[in-house]
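I have placed the structure first, in the form of structure tokens, so that the comments after it can refer back to it.
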Ligand code: ZN
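Numbering (this note's numbering), first residue to last: 17 to 259.
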């Protein structure tokens, strides 16, 4: 059976990315749901590491769009803006070209992938039942994998009642897949659920099994690199707090 590594929001954190790739072990494919760059100190290294992976499917996220100068940085808060400008200044042409050709949403193995939501792939945050419900008409598959909120969670529509429910997904959880569902693996490089460990999921398409994982990585090393390149202190600190 196929093992697909589902990850999102790497945010230029090479230590977290390498740790996740190692922890995941051999996989048949990698689905990356966007925001490979932004916030962190290793944008080129992360893009290059991803590009070398066999069977990679990768989406563009809002921070990738910012690095590509596609969006007005006024839409970002101060720290995000500063890190986006720094990312723009260091990104190589080759890595910029890679990010520039990434799609906003994809359908693969009968699953829809989007960074934020199927309705507004780059920008919308899927964080509540109402938004999840409103997004159901915007994709054709049963399952939709999303990132963007940096929180591992699922939303599920009861096939009989049509009602939505949802919950956060903890380390080791295998949420029951039934009806139409959104699943979010959380963030590799900047978790925001008060758990500082890198988050990812392994998905088996044949059995429709989703298993969530958290893995500790060398946060101090990333923080040192962030300080060296002069990224904002608040961004340095939040890695340790996991929010
Ligand atoms: Zn993000």
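The beta carbon of each residue, even a glycine, is placed where N, CA and C say it ideally should be. Computed from a predicted model, the values in this text were never measured in an experiment.
- Residues lining the ligand ZN by the Cβ criterion, that is a Cβ closer than 5 Å to any of its heavy atoms, are 25, 51 in chain order.
- In the three-state reduction of the DSSP assignment, residue 220 falls in the strand class, which pools E and B.
- Residue 62 has no beta-bridge partner at all, per DSSP.
- For residue 227, the enclosing beta strand (DSSP E) starts and ends at 225-231.
- Judged by beta-carbon spacing, residue 234 lies beyond the 8 Å limit of residue 197, meaning their Cβ atoms are not closer than that value.
- Here the C-alpha atom of residue 57 lies approximately 11 Å from the C-alpha atom of residue 100.
- When rounded, the separation of the alpha-carbon atoms in residue 243 and residue 228 is 31 Å.
- Residue 99: not part of any beta strand (DSSP E); member of the alpha helix (DSSP H) spanning 94-106, first to last residue.
- When only Cα atoms are considered, residue 255 and residue 207 end up about 7 Å apart.
- Taken through DSSP and simplified to helix, strand or coil, residue 154 comes out as helix.
- Annotation for residue 175: 194, 195 place their beta carbon closer than 7 Å to its own, counting only its chain and skipping 5 residues before and after.
- DSSP places residue 24 outside both helix and strand once states are collapsed to three, so it counts as coil.
- DSSP, reduced to helix, strand and coil, places residue 148 within a helical segment of the structure shown.
- Residue 190 carries a coil assignment under DSSP once its states are collapsed to helix, strand and coil.
- Spatial neighbours of residue 221 in its own chain (CB-CB distance under 6 Å, excluding positions within 5 residues in sequence) are listed in chain order as 18, 125.
- Annotated three-state conformation of residue 183 is strand, per DSSP.
- Residue burial annotation: residue 156 is exposed, with fewer than 16 other C-beta atoms found within 10 angstroms of its C-beta.
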